[in-house]
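> Residue 663 in the numbering used here sits at position 13 of the sequence shown; the count goes up by one each step and never skips. Virtual Cβ for every residue (Gly too), placed ideally from N, Cα, C.
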Amino acid sequence: MITSNKDNGNNLPHAQQLPDEPDAPKPSFSEVSVPPPPNPRDYITDPKKDTAALTPDTLFPEKSMVIDKRSYPRMTTAATDDCTAGTHGALGSVLKHNGCKKLLRATYSKDGVAVTVGVAVFDSKNAAFKVKDANKPSLAPLAGGGVGAFCEGTACTMYTNATGRYAYFTIAGNLDGSAVTKASTKALQIGRDGGRYAYNRIWQRGTDQAAKAARAQS
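(1) Using a threshold of 8 Å, state whether the C-beta atoms of K751 and F772 are closer than that.
(2) Would you report the Cα separation of D826 and P686, rounded to the nearest angstrom?
(3) Who does Y758 pair with in a DSSP beta bridge?
(4) Find out if the Cβ-Cβ distance for the pair A728, L792 is shorter than 8 Å.
(5) At the level of alpha carbons, what is the spacing between W853 and A805?
(6) Measure the C-alpha to C-alpha separation of A861 and G803 and round it to an integer number of angstroms.
(7) Quick test of the definition: if touching needs 3 or more C-beta pairs under 8 Å, does the segment 746-764 touch the segment 718-727?
(8) Kindly indicate which three-state DSSP category F819 falls into: helix, strand or coil?
(9) Nearest to M808 by CA position, among A833, D731, I840, A770, is which residue?
(10) Excluding the 5 residues preceding and the 5 following G844 in the sequence, name in chain order all residues of the same chain whose CB lies nearer than 8 Å to its CB.
(11) Considering only residues of the segment 776-831, which uninterrupted beta strand (DSSP E) runs meet the minimum length of 3 residues and lie entirely inside it, listed in chain order?
(12) In terms of DSSP beta bridges, what is V771 paired with?
(13) Looking at G796 and R691, is the spacing between their C-beta atoms short of 8 Å?
(14) For L846 and A735, I'd like the C-alpha separation in whole angstroms.
(15) Going along the chain, which residues of its own chain have a beta-carbon closer than 8 Å to the beta-carbon of Y849, five neighbours each way excluded?
(16) Of the residues Q867, A864, H747, G856, which one's Cα is nearest the Cα of T701?
(17) Mapping the DSSP letters down to three states, classify T737 as helix, strand or coil.
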């Protein structure tokens, strides 16, 4: 009897049926929206948000006013709720008419010139810009800290502007009592720098409060 080990394929085991490949996972998205970062301008415009302490120490904290590479030592500061008390001429009535809440001043001096920077705060941006548009920049110079009276009875350089709910002013002149002219480069420069510094300090106030709010969101 002849046997054969030849396999004709009929006896092979059936291949196991593999399970269907699972569906690829679908991406999921959180429905929680991330709020936009706080805007510093909101914090110098809206009195409900602009709640940080406002004093000479918080508004003018540095010992020197530094603009670019120019540095001027801070000599003295002052603040008053009677905004007319820190002004001359028509500025006081303009501040009062528009509801000035507080006037803060700081004086900086170097090389025979000085500038007083003034910042007035209001309940609204509209009020601050009305003061700017009135263009009555007769801020009273602030003596003290080694700086004597200046800009009294002589020509000085003055400036006014506004940002947010703040109006800001400068008055700058020569400490020897001489008039400021087009040739008075030091007095003109410290006056311009005072205006830039006032703006920078107000904006920094908004930036600091916005950063604090952002940390609270995280």
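Reading from the atomic positions:
(1) Walking along the sequence shown from the start, residue 751 turns up at place 101. Walking along the sequence shown from the start, residue 772 turns up at place 122. Yes.
(2) Within the sequence shown, numbered from 1, the residue matching residue 826 stands at position 176. Within the sequence shown, numbered from 1, the residue matching residue 686 stands at position 36. Each residue's alpha carbon lies about 52 Å from the other.
(3) Taking the sequence shown and counting its residues from 1, the one referred to as residue 758 is at position 108. R724, V765.
(4) Indexing the sequence shown from 1 puts residue 728 at position 78. Indexing the sequence shown from 1 puts residue 792 at position 142. A contact, by the Cβ cut-off of 8 Å.
(5) Counted from its first residue, the sequence shown places residue 853 at position 203. Counted from its first residue, the sequence shown places residue 805 at position 155. Approximately 30 Å, taken between the alpha carbons.
(6) As a first step, residue 861 must be located in the sequence shown, where it is residue number 211. As a first step, residue 803 must be located in the sequence shown, where it is residue number 153. Roughly 45 Å separates the two Cα atoms.
(7) yes
(8) Taking the first residue of the sequence shown as 1, we reach residue 819 at position 169. In this structure, F819 counts as strand in the three-state DSSP scheme.
(9) For the purposes of this step, residue 808 is taken as the residue at position 158 of the sequence shown. Selected option, being the one with the closest Cα: I840.
(10) By 1-based counting over the sequence shown, the position of residue 844 is 194. If we look at G844 and ignore the five residues flanking it on each side, its Cβ neighbours are M715, Y758, V765, T766, V767, Y809, T820, A822.
(11) 807-813, 816-824
(12) Start at 1 with the first residue of the sequence shown, and residue 771 comes out as number 121. Note: V771 sits in a beta bridge opposite K752, Y816.
(13) Numbered from 1 along the sequence shown, position 41 holds the residue referred to as residue 691. Numbered from 1 along the sequence shown, position 146 holds the residue referred to as residue 796. Against a cut-off of 8 Å, the Cβ pair of G796 and R691 comes out as no contact.
(14) Within the sequence shown, the letter at position 196 stands for residue 846. Within the sequence shown, the letter at position 85 stands for residue 735. The residue you asked about is not Leu; residue 846 is Arg in the sequence shown. Whole-angstrom Cα-Cα distance: 24 Å.
(15) Translated into the one-based positions of the sequence shown, residue 849 becomes position 199. The residues are N811, T813, Y818.
(16) Against the sequence shown, residue 701 aligns to sequence position 51. Comparing Cα-Cα distances from T701 to each of Q867, A864, H747, G856, the minimum goes to G856.
(17) Your numbering for residue 737 matches position 87 in the sequence shown. Here T737 sits in strand by DSSP.
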